[in-house]
Amino acid sequence: MFKFGFDIEDVDDTEDLLHLGEAPNNTRDQSSAGAPLVVLEPFSEISLKDLLDTIPALISYSPLSIPLSSPRKATTLIRRDLFDARFQLISEGAGDATDDAYQEEQALAFLDAPSDLVPGVYEGGLKTWECSLDLVDYLDSLKDASVPSPKTFVGKKVLEVGCGTGVPSSYIFREVLSCTRTTAISGDPSPRTEIHLQDYNVSVLQLVTLPNILLTWYTSPHADAYRSATGDQEVAPTVDPTDAGELPITAELKDAFLSSLSALKISFRFFSGSWDTFDPIKTIGPAGYDILLTSETIYRTDSLDPLVNLMQVACTGEKKTGLQLENLMSSRLTLEEDEPRYLCLVAAKILYFGVGGGVSDFLKTVKDRNGQVETVLERKAGVGRKIMRVDWL
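The opening position of the sequence shown corresponds to residue 1 in the numbering used here, with each subsequent residue numbered one higher.
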């Protein structure tokens, strides 16, 4: 839902990361300025097919190199170019699939505005922020390096809240694709994996979230059959994940993507709107999610209550009593099927200057709900950042 915007283009250059954490220009809560309260967008689900129909016939992409703490040093995902999403907004518009012309106008208005954030209108999800990269680093550290195809995420129910460009979910998707290829070859049955992504703006889901998921699939071996059947490098090119390029989006590619997901027992669901009206019990059931991820979402104190409430219900289900995690992990994630548990991770800056939110207010809100927080990763260079694991008691 909420993404903290900064007055920079994106995290394409590592030098930009040193300047993050400053308050965006002209950003303030409209209610505190005496203006009328913004009516928040209600919760809504957008089908995968409808989102696929909004992707244009050609998209451009670039590699995103993500620094890792492991000996591998870095991993690379490909994502849709921001300028390409901007071009689509200008030339075609977004929101047609849901008749939401207002979303289109707001996305256009704020893509080039001095501020990347207008509370309750546009929450900055079209850009990629550094805490989402921290999440990937931490998730990668949970893998057992001795296992070539880690099964950490296979068969799990995953929710990314305030997903924006969906980088952590794309990473998890890539890992699941790697594992399902291995299990398919070995003949072992693969359990169903569910990945749910939520962002306040439906236009973000259309313009960047789903395109990035699709690109992740296309760069995997599971797209080989489509490329072979097409037999045309112009229509179905071989992608070098370390280089920029363009990908034609054909009806056949969409069908191949959907068929592949079905065969691999991977399902995606996409939600838009405010956290206040998001009931995770209706989306996943009383058992809750196995893994909940969110980054750069705690910058406004007035959004903490609905965020933390959503996190608690999404992790613990209807009982809301929490599940004990003493044996969940020390430095490895091992979600055993005979021991129902969850992993709830929040990545954030220590303080969001000029806005007032940050880790201390988040900790208080969690404590008020009988939760406890453990820091599992910390960056002290520049603007301090943390990844926190939340447990509900």
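Ideal Cβ placement from N, Cα and C applies to all residues, glycine included.
Residue burial classification, Ala74 (beta-carbon count within 10 angstroms, cutoff 16): exposed
Using the three-state DSSP reduction, which class does Leu323 fall into: helix, strand or coil? Any reading at Leu323 is ruled out, since the residue's pLDDT is 40, under 50, leaving its predicted position unreliable.
By DSSP's criteria, Leu377 is part of a beta bridge. Which residues make up the other side? Ile387
Please determine, among Leu48, Ile59, Leu51, Asp137, the residue with the shortest C-alpha to C-alpha distance to Ser70. Asp137
Which residues does DSSP list as the beta-bridge partners of Ala345? Correcting the residue identity first, residue 345 is Leu in this sequence and not Ala. Note: Leu345 sits in a beta bridge opposite Leu293, Arg389.
Could you say which of Leu264, Glu175, Cys315, Val383 lies nearest to Val161 if we only look at CA atoms? Cys315
7 Å Cβ shell around Asp81 - same chain, five flanking residues per side excluded: Ser60, Tyr61, Ser62
Opening and closing residue of the alpha helix (DSSP H) in which Phe83 lies: 82–91
Look up Phe43 in the DSSP assignment and say whether it is helix, strand or coil. coil
Report the residue from Tyr226, Leu343, Lys364, Phe43 whose alpha carbon sits nearest the alpha carbon of Leu258. Tyr226
Anticipated Cβ contact below 8 Å, Asp134 with Ala347, distance rounded: 5 Å
Whole-angstrom C-beta distance between Arg300 and Gly408, which should lie under 8 Å: No answer is possible for residue 408: the residues shown for the chain start at 1 and end at 393.
Which residues in the same chain have their Cβ closer than 6 Å to the Cβ of Pro306, if we skip the five residues on either side of it in sequence? Trp275, Asp276
Which residues does DSSP pair with Pro79 in a beta bridge? The sequence as given places Arg at residue 79; Pro does not occur at that position. DSSP lists Ser62 as partners of Arg79.
Contacts around Thr375, its chain only, beta-carbon distance under 6 Å, and the 5 residues preceding and following it disregarded: Lys386, Met388
What did DSSP end up calling Glu252 once you bin it into helix, strand or coil? helix
Looking only at its own chain, which residues have a Cβ that is under 6 Å from the Cβ of Lys265, when we skip the five neighbours before and after it? Ser190, Arg192
At least three beta-carbon pairs within less than 8 Å, the stretch 240–255 to the stretch 167–183: no
Candidates Pro67, Ile66, Leu64, Ile55: closest to Leu86 by CA position: It is worth fixing the name first, because residue 86 is Arg in this sequence and not Leu. Of Pro67, Ile66, Leu64, Ile55, the residue nearest in Cα terms is Ile55.
Quick one: give me the first and last residue of the beta strand (DSSP E) that Thr193 is part of. 193–199
Tell me which same chain residues have a C-beta within less than 7 Å of the C-beta of Asn327, skipping the five on either side of it? Any reading at Asn327 needs caution, since the residue's pLDDT is 41, under 50, leaving its predicted position unreliable; the model's value is listed next. Same-chain partners within the cutoff: there are none.
Using three-state DSSP, classify Pro67 as helix, strand or coil. strand
Using 10 angstroms around the beta-carbon of Pro211, count the other beta-carbons present and answer buried if the total reaches 16, otherwise exposed. buried
Tell me Lys282's beta-bridge partners as DSSP assigns them. None, per the DSSP bridge assignment.
Whether Leu64 touches Thr76 by CB criterion (8 Å): yes
Let me check one thing: in DSSP terms, what residues is Lys157 bridge-paired to? Glu194
Per DSSP, Leu247 forms a beta bridge with which residues? Ile59
Range of the contiguous alpha helix (DSSP H) that encloses Thr353: Looking at the sequence provided, one finds Phe at residue 353 rather than Thr. No alpha helix (DSSP H) holds Phe353; DSSP gives it neither H nor E.
In three-state terms, what does DSSP make of Ile172? helix
Taking C-alpha atoms, which residue in Ser220, His222, Pro248 lies nearest to Gln233? Pro248
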